[in-house]
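Protein sequences, first through last, are from chains A and B.
With our numbering applied, the first sequence covers 1 to 275.
With our numbering applied, the second sequence covers 276 to 664.
Ideal Cβ positions, reconstructed from N, Cα and C, are used throughout, including at glycine.
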Amino acid sequence: MSLLKEMATRDRVFDFLTPRTSPVDVTHGPILYLEDVSVSFDGFKAINDLNLTIDDGELRCIIGPNGAGKTTMMDIITGKTRPDSGSVWFGSRHDLLRMSEPEIATLGIGRKFQKPTVFEALSVFENLELAMATDKRIFPTLAARMSGETRARIEEVLETIHLKEWHAREAGILSHGQKQWLEIGMLLMQKPRLLLVDEPVAGMTEQEMERTAELLTSLAGRQSVVVVEHDMGFVRSIARKVTVLHQGAVLAEGSMDAVSSDPKVVEVYLGESDG
Amino acid sequence: MPDSRSWLARPFTERSTQIFLAVLTLSVLAITLLHVLLPEGHPLHVSTFTVTLLGKYLCYALLAVAVDLVWGYLGILSLGHGAFFALGGYAMGMYLMREIGDRGVYGNPELPDFMVFLNWQELPWFWQGFDMPAFAFLMVLLAPGLLALVFGFLAFRSRVTGVYLSIITQALTFALMLAFFRNEMGFGGNNGLTDFKDILGFDLRTDAVRIALFIASGVALGLGYLLCRGIVGSKLGRLSIACRDAEARTRFLGYRVERVQLFIFVVSAMLAGVAGALYVPQVGIINPGEFSPLFSIEVVVWVALGGRATLYGAVLGALIVNYAKTVFTGIMPDAWLFALGGLFVLVTVLLPKGIAGLFAQRGWGRRSQSSAAKTESASGSRPIEEATA
Numbered sequence: 001m002s003l004l005k006e007m008a009t010r011d012r013v014f015d016f017l018t019p020r021t022s023p024v025d026v027t028h029g030p031i032l033y034l035e036d037v038s039v040s041f042d043g044f045k046a047i048n049d050l051n052l053t054i055d056d057g058e059l060r061c062i063i064g065p066n067g068a069g070k071t072t073m074m075d076i077i078t079g080k081t082r083p084d085s086g087s088v089w090f091g092s093r094h095d096l097l098r099m100s101e102p103e104i105a106t107l108g109i110g111r112k113f114q115k116p117t118v119f120e121a122l123s124v125f126e127n128l129e130l131a132m133a134t135d136k137r138i139f140p141t142l143a144a145r146m147s148g149e150t151r152a153r154i155e156e157v158l159e160t161i162h163l164k165e166w167h168a169r170e171a172g173i174l175s176h177g178q179k180q181w182l183e184i185g186m187l188l189m190q191k192p193r194l195l196l197v198d199e200p201v202a203g204m205t206e207q208e209m210e211r212t213a214e215l216l217t218s219l220a221g222r223q224s225v226v227v228v229e230h231d232m233g234f235v236r237s238i239a240r241k242v243t244v245l246h247q248g249a250v251l252a253e254g255s256m257d258a259v260s261s262d263p264k265v266v267e268v269y270l271g272e273s274d275g
Numbered sequence: 276m277p278d279s280r281s282w283l284a285r286p287f288t289e290r291s292t293q294i295f296l297a298v299l300t301l302s303v304l305a306i307t308l309l310h311v312l313l314p315e316g317h318p319l320h321v322s323t324f325t326v327t328l329l330g331k332y333l334c335y336a337l338l339a340v341a342v343d344l345v346w347g348y349l350g351i352l353s354l355g356h357g358a359f360f361a362l363g364g365y366a367m368g369m370y371l372m373r374e375i376g377d378r379g380v381y382g383n384p385e386l387p388d389f390m391v392f393l394n395w396q397e398l399p400w401f402w403q404g405f406d407m408p409a410f411a412f413l414m415v416l417l418a419p420g421l422l423a424l425v426f427g428f429l430a431f432r433s434r435v436t437g438v439y440l441s442i443i444t445q446a447l448t449f450a451l452m453l454a455f456f457r458n459e460m461g462f463g464g465n466n467g468l469t470d471f472k473d474i475l476g477f478d479l480r481t482d483a484v485r486i487a488l489f490i491a492s493g494v495a496l497g498l499g500y501l502l503c504r505g506i507v508g509s510k511l512g513r514l515s516i517a518c519r520d521a522e523a524r525t526r527f528l529g530y531r532v533e534r535v536q537l538f539i540f541v542v543s544a545m546l547a548g549v550a551g552a553l554y555v556p557q558v559g560i561i562n563p564g565e566f567s568p569l570f571s572i573e574v575v576v577w578v579a580l581g582g583r584a585t586l587y588g589a590v591l592g593a594l595i596v597n598y599a600k601t602v603f604t605g606i607m608p609d610a611w612l613f614a615l616g617g618l619f620v621l622v623t624v625l626l627p628k629g630i631a632g633l634f635a636q637r638g639w640g641r642r643s644q645s646s647a648a649k650t651e652s653a654s655g656s657r658p659i660e661e662a663t664a
């Protein structure tokens, strides 16, 4: 009977009739949920029973010494690495471990890599155009035309990332900091629900860092943002909540002040920098 | 720069494409007229021999465009495009063989001469249908296209790229060469297919047919060029450059890189097939030599000489190298390979962007380093305005 009912729902027959809403279900709170995740490479446990929850619209900083498993964690969330055990959920409906990299990207998880990789031979504008959330199959891409709506969206992002005057230039000639912003812009074009940002301020000048902090805080609320960063000053300037990773597991979690006064954290991480 | 025109209409608005089409049309017209209007013996008369030779060059140029599409814009260095060229050629050759009918040496209306010679009793299944030109011409596209589809599907799905892919394509054409050399394959073995008489009922040895084939080659080159420019100028073209330069990054944007590669590879293989099909009736023979790895490498040299990722560079490279080859092998046959090697070294050292790089320096190209700054200062936000218009 229920099957008949389902078949009778006319707007389900044709996909395009269904209103386009985000398929990610966050009514139960967290947008990202990692439980007991473990992964090892050749016997080395890169991630060890990791538990992590990110709320919808949150800006979270993740810190930790080298080899704490920060990048591996990002790899697991984006589908690049498969964990040996554990579960990873996006909202309460999507099991990320069952999805491929492109599927995860389409679902709304955008990742900014440590080293900025933009398409250097293409212009800033074209970089953003390619990154846009749209039909990414071959023939629609071949036949794609620039609509007013698309252009407005690209210009809006150009404004946000302060690259408006640079839109026609090849991305290859941008400075390091500008490339980082372009990457963040490319992520924004995908209208992600969750942004994973890997070391956004590495190699940036003081002024660029300030602008990046501004940019990231302005994004939070609309999107959830997870930032992995080494620079403590930067983390202090943006973070509301900080997670400390150590040897593939969560060592401490809380506000920056609470975390930095935690004796365990001081021992493994902050302690080192104090001497 | 992205704009609101459809992908097939866009090339007509590009200056480089307009110039290319104009030069191609005028040259083909001029040569045809010089051949038809001027009497033999006139100093400006173009002989039938030369017309056929130029037609052959045009086929090579189309092949070079196909190679540039995958190498220049997709970053896949195919060292086996000769295989697709030869397959298209064989499809055409099989049609021409069937067209001979009972005028062969053995007078068998059904079987080509070499099959009678091998004592075969009936036509193999894969020769069926080739007496129908429409079917044969379809196979010109489908045979190379299918091979590229299967080969590309396996290679790109396993994410084989770079030098490994080049080596595999080389192996592919070499394996096909060895296979086609065998008499049991049913493609004429060593000697290949030759002794053609008619095409579509017209005698291949007449001047009119030779001219028609020359013009057809010119038209095929023009259309092939337009198709490639259409793809390259579309969003898919920018996507293919993205795949070329940062494959992993493109994947993270949600694109299926292997499908982009497969699509462009198949289109390129089909273009190569068309080039081969037009080549065969003009040279009068197709044999396994066309599968030779050396030939495929030579094609890559044409493209490198002309300049990668410009398309018109590939055409220039193919024409220049083959003209030089004809001249050199006439004067000093033994010196040709040295001359080719010397040319290659010279261009690599002096013109790293190939001959087309010379044009780009003068602001002819779409986006050379020097011209980028110029257009920027001249017209601030022009592309956006242009797109609005």
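Residues that residue i bridges to, as DSSP identifies them
i        : result
Pro30/A  : Asp55/A
Phe477/B : Ile474/B
Ala249/A : His246/A
Thr469/B : Ile560/B
Ala220/A : Gln223/A
Glu35/A  : Ser87/A
Lys241/A : Arg60/A
Gly254/A : Val242/A
Ser123/A : Glu170/A
Val118/A : In the DSSP output, where bridge partners are listed per residue, Val118/A has none listed.
C-beta atoms of residue i and residue j nearer than 8 Å
i        : j        : result
Ala339/B : Met367/B : no
Leu226/A : Leu195/A : The sequence as given places Val at residue 226/A; Leu does not occur at that position. Cβ atoms of Val226/A and Leu195/A: closer than 8 Å.
Phe139/A : Ala517/B : no
His356/B : Ala336/B : no
Thr307/B : Ile490/B : yes
Gly86/A  : Val37/A  : yes
Phe524/B : Pro286/B : Reading off the sequence shown, one finds Arg at residue 524/B, where the question assumed Phe. The answer is no: Cβ separation not under 8 Å.
Leu333/B : Ser492/B : yes
Arg111/A : Thr243/A : no
Leu304/B : Leu313/B : no
Phe422/B : Leu362/B : Looking at the sequence provided, one finds Leu at residue 422/B rather than Phe. Contact: yes.
Arg193/A : Gly79/A  : no
Leu349/B : Arg480/B : no
Met189/A : Leu128/A : yes
Proximal residues to residue i (C-beta, below 8 Å), its chain only, five neighbours per side dropped
i        : result
Thr21/A  : Only weak support exists for where Thr21/A lies, its pLDDT of 49 falling under 50; the value from the coordinates is given anyway. None.
Leu122/A : Leu130, Glu170, Ala171
Asp406/B : Tyr370, Arg373, Glu374
Leu386/B : Trp395, Glu397, Leu398
Cβ neighbours of residue i in the same chain (closer than 7 Å, five flanking residues each side left out)
i        : result
Met452/B : Pro563, Phe566, Ser567
Thr469/B : Gly559, Ile560
Val484/B : Ile474, Phe477, Asp478
Asp482/B : Thr323
Sequence-distant residues of the same chain with beta carbon closer than 6 Å to residue i, five excluded per side
i        : result
Ser353/B : Val345, Thr444
Val268/A : His246
Gly43/A  : none
Leu424/B : Val541
Met204/A : Gly177
Val197/A : Lys112, Val227
Trp577/B : Ala339, Gly592, Ala593, Val596
Arg642/B : With a pLDDT of 45 at Arg642/B, under the threshold of 50, the modelled position of that residue is not reliable, and the figure given next carries that caveat. Hits under 6 Å: none found.
Phe389/B : Gly463
Residue i Cβ short of 7 Å to the ligand COA heavy atom set
i        : result
Arg480/B : Here there are no bound small molecules, and the ligand COA is not part of this structure.
Exercise. Counting only runs that start and end within the region 144-217 of chain A, where is the alpha helix (DSSP H) found for 4 or more residues in a row?
Worked result: 148-160, 176-189
For this session: Please list the residues of the region 501-520 of chain B that have a C-beta atom closer than 9 Å to any C-beta atom in chain A, keeping them in chain order.
Result: Gly505, Ile506, Ser509, Lys510, Leu511, Gly512, Arg513, Leu514, Ile516, Ala517, Arg519, Asp520
For this session: Determine which residues of the region 108-131 of chain A have a Cβ less than 9 Å from any Cβ of chain B, and write them out in chain order.
Result: Gly110, Arg111, Phe113, Thr117, Val118, Phe119, Glu120, Ala121, Leu122, Ser123, Phe125, Glu126, Asn127, Glu129, Leu130, Ala131
For this session: Select from the region 529-545 of chain B all residues with a C-beta closer than 8 Å to any C-beta belonging to chain A, and list them in chain order.
Result: Per Cβ criterion, the list reads Gly529, Tyr530, Arg531, Arg534, Val535, Phe538.
Exercise. Closer than 8 Å, Cβ to any Cβ of chain A: which residues of the region 413-438 of chain B, in chain order?
Worked result: none
For this session: Ignoring anything shorter than 3 residues or poking outside the region 38-114 of chain A, list the beta strand (DSSP E) runs there in chain order.
Result: 44-55, 59-63, 85-90, 109-112
For this session: Identify each residue in the region 141-159 of chain A for which the Cβ-Cβ distance to at least one residue of chain B is less than 8 Å, and report them in chain order.
Result: Thr141, Leu142, Ala143, Ala144, Arg145, Met146, Ser147, Gly148, Arg151, Glu155
Exercise. Where in the region 500-558 of chain B do unbroken runs of the alpha helix (DSSP H), each at least 4 residues long, occur, reported from the N-terminal end onward?
Worked result: 510-520, 522-527, 532-558
Problem set entry | Residues from the region 281-305 of chain B in contact with chain A, defined by Cβ distance under 8 Å | Correct list: Ser281, Trp282.
Exercise. Can you list, in chain order, the stretches of the alpha helix (DSSP H) that have 4 or more residues and sit fully within the region 318-375 of chain B?
Worked result: 323-347, 356-375
Exercise. Got a sec: which bits of the region 577-588 of chain B sit with their beta carbon under 8 Å from any beta carbon on chain A, in order along the chain?
Worked result: none
Problem set entry | Cβ-based contacts, 9 Å cut-off: residues of the region 88-103 of chain A near chain B | Glu101, Pro102, Glu103
Problem set entry | Members of the region 177-205 of chain A near chain B, C-beta cut-off 8 Å | Correct list: Met186, Gln190.
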